[in-house]
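S.K.: Here it is, the structure in full.
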Amino acid sequence: MRRRLIPVNVVIASLLFILLSLEPDQIKPPKAVMDRGETIYAKECLGCHQADGLGVQGLNPPLAKTKWVLGPRAQMIHIVLKGLTDPIEIDGDTYNNPMPPHLHLNDQEISDVLTYVRNSFGNNAKPITPADVKKVRAAIAKGK
Amino acid sequence: MTVVVLATTHFLCACAGELPDQPAGDTTTTHSSPGDNAGLTLPSGFSATVVAENLGGVRHIVVDSNGDIYAKLSKLKDGKGILELKGGDAGRISSFGNYPGTGIAIKNGYLYASSNTSIFRYKLDAGNQVIDPDKPETIVKDLTDRGQHNSKSITLDNAGNIYVNIGAPSNSCQVQDRAVGSKGQDPCPLLDYAGGIWQFKTDKLNQTINDGVHYATGIRNTVGLDWNSSVNELYVMQHGRDDLHRMFEQYYTVKDNAELPAEEFLLVKKGSDFGWPYCYFDPKQDKKMLAPEYGGDGKIQGRCGEIEKPLVAFPAHLAPNALLFYTGDQFPEKYKNGAFIAFHGSWNRAPEPQAGYFVAFVPMKDGKPGGNWEIFADGFAGGDDKKASGRVDYRPCGLAQGPDGALYVSDDRKGNIWKITYKK
Numbered sequence: 265m266r267r268r269l270i271p272v273n274v275v276i277a278s279l280l281f282i283l284l285s286l287e288p289d290q291i292k293p294p295k296a297v298m299d300r301g302e303t304i305y306a307k308e309c310l311g312c313h314q315a316d317g318l319g320v321q322g323l324n325p326p327l328a329k330t331k332w333v334l335g336p337r338a339q340m341i342h343i344v345l346k347g348l349t350d351p352i353e354i355d356g357d358t359y360n361n362p363m364p365p366h367l368h369l370n371d372q373e374i375s376d377v378l379t380y381v382r383n384s385f386g387n388n389a390k391p392i393t394p395a396d397v398k399k400v401r402a403a404i405a406k407g408k
Numbered sequence: 210m211t212v213v214v215l216a217t218t219h220f221l222c223a224c225a226g227e228l229p230d231q232p233a234g235d236t237t238t239t240h241s242s243p244g245d246n247a248g249l250t251l252p253s254g255f256s257a258t259v260v261a262e263n264l265g266g267v268r269h270i271v272v273d274s275n276g277d278i279y280a281k282l283s284k285l286k287d288g289k290g291i292l293e294l295k296g297g298d299a300g301r302i303s304s305f306g307n308y309p310g311t312g313i314a315i316k317n318g319y320l321y322a323s324s325n326t327s328i329f330r331y332k333l334d335a336g337n338q339v340i341d342p343d344k345p346e347t348i349v350k351d352l353t354d355r356g357q358h359n360s361k362s363i364t365l366d367n368a369g370n371i372y373v374n375i376g377a378p379s380n381s382c383q384v385q386d387r388a389v390g391s392k393g394q395d396p397c398p399l400l401d402y403a404g405g406i407w408q409f410k411t412d413k414l415n416q417t418i419n420d421g422v423h424y425a426t427g428i429r430n431t432v433g434l435d436w437n438s439s440v441n442e443l444y445v446m447q448h449g450r451d452d453l454h455r456m457f458e459q460y461y462t463v464k465d466n467a468e469l470p471a472e473e474f475l476l477v478k479k480g481s482d483f484g485w486p487y488c489y490f491d492p493k494q495d496k497k498m499l500a501p502e503y504g505g506d507g508k509i510q511g512r513c514g515e516i517e518k519p520l521v522a523f524p525a526h527l528a529p530n531a532l533l534f535y536t537g538d539q540f541p542e543k544y545k546n547g548a549f550i551a552f553h554g555s556w557n558r559a560p561e562p563q564a565g566y567f568v569a570f571v572p573m574k575d576g577k578p579g580g581n582w583e584i585f586a587d588g589f590a591g592g593d594d595k596k597a598s599g600r601v602d603y604r605p606c607g608l609a610q611g612p613d614g615a616l617y618v619s620d621d622r623k624g625n626i627w628k629i630t631y632k633k
């Protein structure tokens with residue numbers, strides 16, 4: 265009689281899936297990063313995006329659960345470094361205020377605040393590292 | 210106490226620097242309990258009803274002599290940007306106009322409406338009905354729209370002219386808008402085609418900015434403006450600049466940012482210059498101050514000493530989105546020819562509590578303020594916590610006067626319209 269076994273490849277796939285879904289999205293960034301990020305958020309972002317990260321109707325877009333925040337890390341870094349001048353649309357609503365470039369912030373500061381945003385307001389996404397920011401900054405400098 | 214007012218006098222609320230629950234002035238006002246008057250608090254003798262709900266983003270409104278309400282939408286609804294509520298009845302709504310926008314007005318047999326770039330008009334029949342809703346005449350076209358401050362608010366005089374705000378697509382005309390460390394451009398090139406009021410002919414088609422009269426400049430953005438027929442002058446509400454603390458923390462605290470600069474009530478004459486982007490009005494110092502992008506530090510007045518002060522300095526960032534001079538007979542005498550102002554409510558006061566979300570009243574005498582301003586209708590926010598956080602129920606955006614002298618207020622968050630009436 266053949267024993268019914270769960271195929272090995274299924275076991276591996278399941279383990280991988282569990283690992284991937286735990287790592288790194290469900291790991292909270294270090295408290296020090298979140299604290300630094302929160303301070304920078306209060307100074308640089310809160311005036312427009314508000315304390316709850318939900319933005320302002322028609323003007324400043326929400327940061328909660330949007331593809332702009334949860335999507336590719338490079339995209340979000342690019343927005344902070346270069347700004348956004350065209351209105352953007354989220355869930356059928358248009359937001360008209362421009363986002364200025366934040367070239368006065370260094371790689372560490374940008375990675376801290378973006379990690380904070382990606383893990384606040386109900387968001388839970390991979391942290392952003394200073395190396396990520398450095399890479400995008402270099403690409404922008406090369407005109408990419 | 211009677212307050213004698215000089216031409217350039219402006220008013221601060223009694224509690225300097227603090228936004229009052231009830232500004233100085235009318236101490237006889239009594240407010241009804243919450244729940245009455247469709248959630249609004251009003252002076253004694255006034256009552257309010259909701260005539261329509263959830264219409265969408267209702268910007269400005271106008272009511273014709275039949276009591277029909279026309280509402281301009283910020284976002285198309287079923288492909289249309291203008292609603293007509295026949296007889297003011299939310300059960301009898303029709304829609305037309307394939308463009309979103311803010312401005313709407315009726316004058317001499319025409320309905321005027323604006324998109325964010327253009328002004329159109331529709332001929333009305335003897336019964337005040339739009340004859341051909343699909344074929345408006347284009348009066349003005351190709352005005353600047355870069356998203357920011359793109360409302361083209363309109364008002365008409367009694368001599369065949371229409372006035373339109375072209376808001377500056379900028380906070381303070383920096384090389385890089387709103388960026389820390391970016392200098393102000395001097396002269397500001399935006400002032401050639403924005404940051405002011407332009408005057409056009411009502412009966413000439415397809416005018417562009419070059420066909421218009423550059424009526425006034427140095428006005429960052431205006432959403433509320435109205436022609437005051439009692440003195441035949443234009444008045445506007447300027448939205449003051451943002452971000453003094455975020456960009457200049459060395460000069461301005463978080464609290465300064467919440468309280469500077471004033472939202473300005475301006476009497477606009479042909480050729481007026483109110484100083485934006487070089488100047489802003491500080492209500493505490495009672496002076497036009499030099500903007501920090503142009504070398505200011507909160508104390509230097511510089512070139513701004515010569516700039517005209519506002520008629521009334523309202524608290525910062527409250528976003529006055531509609532202005533209406535009341536010409537009706539229904540309200541008590543003190544309201545006659547006075548100014549109602551709908552404040553959309555603030556966002557740039559954060560992290561300090563947000564404020565506004567009310568309709569204010571300024572008594573007027575011979576075209577000048579005749580007493581302190583006061584809050585006329587409040588309660589749109591839906592509670593103090595909602596007001597402080599800015600997560601409010603409704604945001605006043607439009608004002609209109611009905612044929613019976615009632616005052617209508619519109620909201621662009623959900624699209625409610627209130628009718629406010631008075632009975633002795």
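Sequence order for the protein chains is S and R. With positions in the first sequence counted from 1, the corresponding number in this note's numbering is that position plus 264. With positions in the second sequence counted from 1, the corresponding number in this note's numbering is that position plus 209. For glycine and all other residues, C-beta sits at the position ideal for the given N, C-alpha and C.
Rounded to whole angstroms, what is the Cα-Cα separation between T349 (chain S) and G591 (chain R)?
M.R.: In the first sequence, residue 349 (chain S) corresponds to position 85, counting from 1. In the second sequence, residue 591 (chain R) corresponds to position 382, counting from 1. Taking the straight line joining both Cα atoms gives about 33 angstroms.
S.K.: Can you give me the Cβ contacts of T237 (chain R) inside the same chain, cut-off strictly under 6 angstroms, excluding the 5 residues immediately before and after it?
M.R.: Taking the second sequence and counting its residues from 1, the one referred to as residue 237 (chain R) is at position 28. In this prediction, T237 (chain R) has a pLDDT of 36, which is less than 50 and means its spatial position is unreliable; what the coordinates show is noted afterwards. Closer than 6 angstroms at the Cβ level, and outside the excluded window around T237 (chain R), lies no residue.
S.K.: For a contact defined as C-beta to C-beta under 8 angstroms, what are the partners of V320 (chain S) on chain R?
M.R.: Residue numbering aside, residue 320 (chain S) sits at position 56 when the first sequence is read from its first letter. What V320 (chain S) touches in chain R: W556 and G599.
S.K.: Would you list, in chain order, the members of the stretch 386-398 of chain R that have their beta-carbon closer than 7 angstroms to a beta-carbon of chain S?
M.R.: D386, R387, A388, V389 and G390
S.K.: Taking the alpha-carbon positions, what's the D386 (chain R) to G433 (chain R) distance?
M.R.: Reading the second sequence from its first residue, position 177 is the one you call residue 386 (chain R). Reading the second sequence from its first residue, position 224 is the one you call residue 433 (chain R). Near 24 angstroms, if we compare the C-alpha coordinates of G433 (chain R) and D386 (chain R).
S.K.: With K307 (chain S) as the anchor, note down where its alpha helix (DSSP H) starts and where it stops.
M.R.: As a position in the first sequence, residue 307 (chain S) is number 43, starting the count at 1. From DSSP, the alpha helix (DSSP H) with K307 (chain S) extends over K295 to E308.
S.K.: Where does E287 (chain S) land, buried or exposed, given buried means 16+ other C-beta within 10 angstroms?
M.R.: Taking the first residue of the first sequence as position 1, residue 287 (chain S) is located at position 23. For E287 (chain S), the predicted model reports a pLDDT of 46, less than 50, meaning its position is unreliable and no value from the coordinates is stated.
S.K.: In terms of residue numbering, what span does the beta strand (DSSP E) encompassing L533 (chain R) cover?
M.R.: Position 324 of the second sequence, counting from 1, holds the residue named residue 533 (chain R). Per DSSP, L533 (chain R) belongs to the beta strand (DSSP E) from P529 to F534.
S.K.: Quick check: the stretch 397-410 of chain R against the stretch 570-577 of chain R, are there 3 or more CB pairs under 8 angstroms?
M.R.: no
S.K.: Which residues in chain R have a C-beta closer than 8 angstroms to the C-beta of A315 (chain S)? List them in chain order.
M.R.: Working through the first sequence from its first residue, we reach residue 315 (chain S) at position 51. Simply A559, P560 and S598.
S.K.: Considering only residues of the same chain and omitting the five flanking positions on each side of R337 (chain S), which have a CB-CB separation below 6 angstroms?
M.R.: Position 73 of the first sequence, counted from the first residue, corresponds to residue 337 (chain S). Taking C-beta separations shorter than 6 angstroms and ignoring five residues to either side along the sequence, the partners of R337 (chain S) in its chain run I392 and D396, following chain order.
S.K.: Answer yes or no: do T296 (chain S) and P560 (chain R) have a C-beta to C-beta separation smaller than 8 angstroms?
M.R.: Walking along the first sequence from the start, residue 296 (chain S) turns up at place 32. Walking along the second sequence from the start, residue 560 (chain R) turns up at place 351. In the sequence on display, residue 296 (chain S) carries Ala and not Thr. The answer is no: Cβ separation not under 8 angstroms.
S.K.: Go through its chain and collect everything with a Cβ distance to A389 (chain S)'s Cβ below 8 angstroms, but skip five positions before and after it.
M.R.: Here residue 389 (chain S) is taken as the residue at index 125 of the first sequence, counted from 1. So the qualifying residues of the chain are D289, V333, L334, R382 and N383.
S.K.: What number of angstroms, rounded off, separates the C-alpha of Y487 (chain R) from the C-alpha of R429 (chain R)?
M.R.: Here residue 487 (chain R) corresponds to residue number 278 of the second sequence, with the count starting at 1. Here residue 429 (chain R) corresponds to residue number 220 of the second sequence, with the count starting at 1. Distance between the alpha carbons of Y487 (chain R) and R429 (chain R): 10 angstroms.
S.K.: Let's test the definition: count the other Cβ atoms within 10 Å of the Cβ of R355 (chain R) and tell me whether it reaches 16, buried, or not, exposed.
M.R.: As a position in the second sequence, residue 355 (chain R) is number 146, starting the count at 1. Buried, since its Cβ has 16 or more Cβ neighbours within 10 Å.
S.K.: What does DSSP give as the partner residues of I584 (chain R) in its beta bridges?
M.R.: In the second sequence, counting from the first residue as 1, residue 584 (chain R) sits at position 375. The secondary-structure analysis by DSSP pairs I584 (chain R) across a beta bridge with R:A569.
S.K.: Examine the ligand SAM and report whether any of its heavy atoms sits within less than 7 angstroms of the Cβ of L323 (chain S).
M.R.: As presented, the structure is devoid of all ligands, the ligand SAM included, so that no description of it is given.
S.K.: Against chain S, with Cβ distances strictly below 8 angstroms, would D452 (chain R) count as a contact?
M.R.: Looking up residue 452 (chain R) in the second sequence gives position 243. Yes, because at least one Cβ of chain S sits closer than 8 angstroms to the Cβ of D452 (chain R).
S.K.: Looking only at C-alpha atoms, which of R:G248, R:K623 and R:Y321 sits nearest to K344 (chain R)?
M.R.: Taking the second sequence and counting its residues from 1, the one referred to as residue 344 (chain R) is at position 135. Each of R:G248, R:K623 and R:Y321 was checked against the Cα of K344 (chain R), and the nearest Cα belongs to R:Y321.
S.K.: Can you tell me the Cβ-Cβ gap for I629 (chain R) and A615 (chain R), rounded? I've got them flagged as a contact below 8 angstroms.
M.R.: Against the second sequence, residue 629 (chain R) aligns to sequence position 420. Against the second sequence, residue 615 (chain R) aligns to sequence position 406. The Cβ separation is near 6 angstroms, so the contact holds.
S.K.: For a quick check, are the C-beta atoms of W407 (chain R) and H423 (chain R) less than 8 angstroms apart?
M.R.: Here residue 407 (chain R) is taken as the residue at index 198 of the second sequence, counted from 1. Here residue 423 (chain R) is taken as the residue at index 214 of the second sequence, counted from 1. Contact flag set, yes.
S.K.: With 16 other CB atoms within 10 Å as the buried threshold, where does N557 (chain R) fall?
M.R.: Here the question's residue 557 (chain R) lines up with position 348 in the second sequence. Result: buried.
S.K.: To be precise: take each residue of the stretch 354-368 of chain R, compare its Cβ to all Cβ atoms of chain S, and keep it if any distance is under 9 angstroms. Which residues remain?
M.R.: R355, G356, Q357, H358 and N359
S.K.: By the three-class DSSP mapping on this structure, what secondary structure does K292 (chain S) have?
M.R.: If you number the first sequence from 1, residue 292 (chain S) lands on position 28. Note: K292 (chain S) maps to coil in three-state DSSP.
S.K.: What three-state label does DSSP hand A338 (chain S) in the structure shown?
M.R.: Translated into positions along the first sequence, residue 338 (chain S) becomes position 74. Note: A338 (chain S) maps to helix in three-state DSSP.
S.K.: Once DSSP output is grouped into helix, strand and coil, what is the label at Q383 (chain R)?
M.R.: The count along the second sequence starts at 1 and reaches residue 383 (chain R) at position 174. The answer is strand: DSSP assigns Q383 (chain R) an E or B state.
S.K.: In terms of residues, what are the limits of the beta strand (DSSP E) holding L443 (chain R)?
M.R.: Residue 443 (chain R) sits at position 234 when you count from the first residue of the second sequence. That run of the beta strand (DSSP E) goes E442 to Q447.
S.K.: For D343 (chain R), name the three-state secondary structure that DSSP assigns.
M.R.: The residue given as residue 343 (chain R) occupies position 134 in the second sequence. Here D343 (chain R) sits in coil by DSSP.
S.K.: Would you report the Cα separation of F409 (chain R) and I328 (chain R), rounded to the nearest angstrom?
M.R.: The residue labelled residue 409 (chain R) in the question sits at position 200 within the second sequence. The residue labelled residue 328 (chain R) in the question sits at position 119 within the second sequence. Each residue's alpha carbon lies about 10 angstroms from the other.
S.K.: With respect to the beta strand (DSSP E) encompassing E468 (chain R), which residues constitute its N-terminal and C-terminal limits?
M.R.: By one-based count along the second sequence, residue 468 (chain R) stands at place 259. Segment V463 to E468 is the alpha helix (DSSP H) holding E468 (chain R); no beta strand (DSSP E) there.
S.K.: Looking at the strands, I want to know which residues DSSP matches up with H160 (chain R).
M.R.: The structure shown has nothing for residue 160 (chain R), since chain R only spans 210 to 633.
S.K.: Quick one: list the residues of chain S neighbouring S283 (chain R), beta-carbon separation under 8 angstroms, in chain order.
M.R.: By one-based count along the second sequence, residue 283 (chain R) stands at place 74. Ordered by position in chain S, the residues that pass the 8 angstroms Cβ test against S283 (chain R) are G322.
S.K.: Hey, does N383 (chain S) have any beta-carbon neighbour from chain R nearer than 8 angstroms?
M.R.: In the first sequence, the residue the question calls residue 383 (chain S) occupies position 119. N383 (chain S) does not count as touching chain R.
S.K.: Residues of chain C with CB closer than 8 angstroms to the CB of P365 (chain S), please, in chain order.
M.R.: In the structure shown, chain C does not exist; the protein chains are S and R.
S.K.: Using a Cβ cut-off of 9 angstroms, pull out every chain S residue sitting near R622 (chain R), in sequence order please.
M.R.: Working through the second sequence from its first residue, we reach residue 622 (chain R) at position 413. Chain S residues near R622 (chain R): Q321.
S.K.: Interface residues of chain S around R455 (chain R) at Cβ under 8 angstroms?
M.R.: On the second sequence, residue 455 (chain R) is found 246 positions in, with the first residue counted as 1. The answer, in chain order, is K307, E308 and G311.
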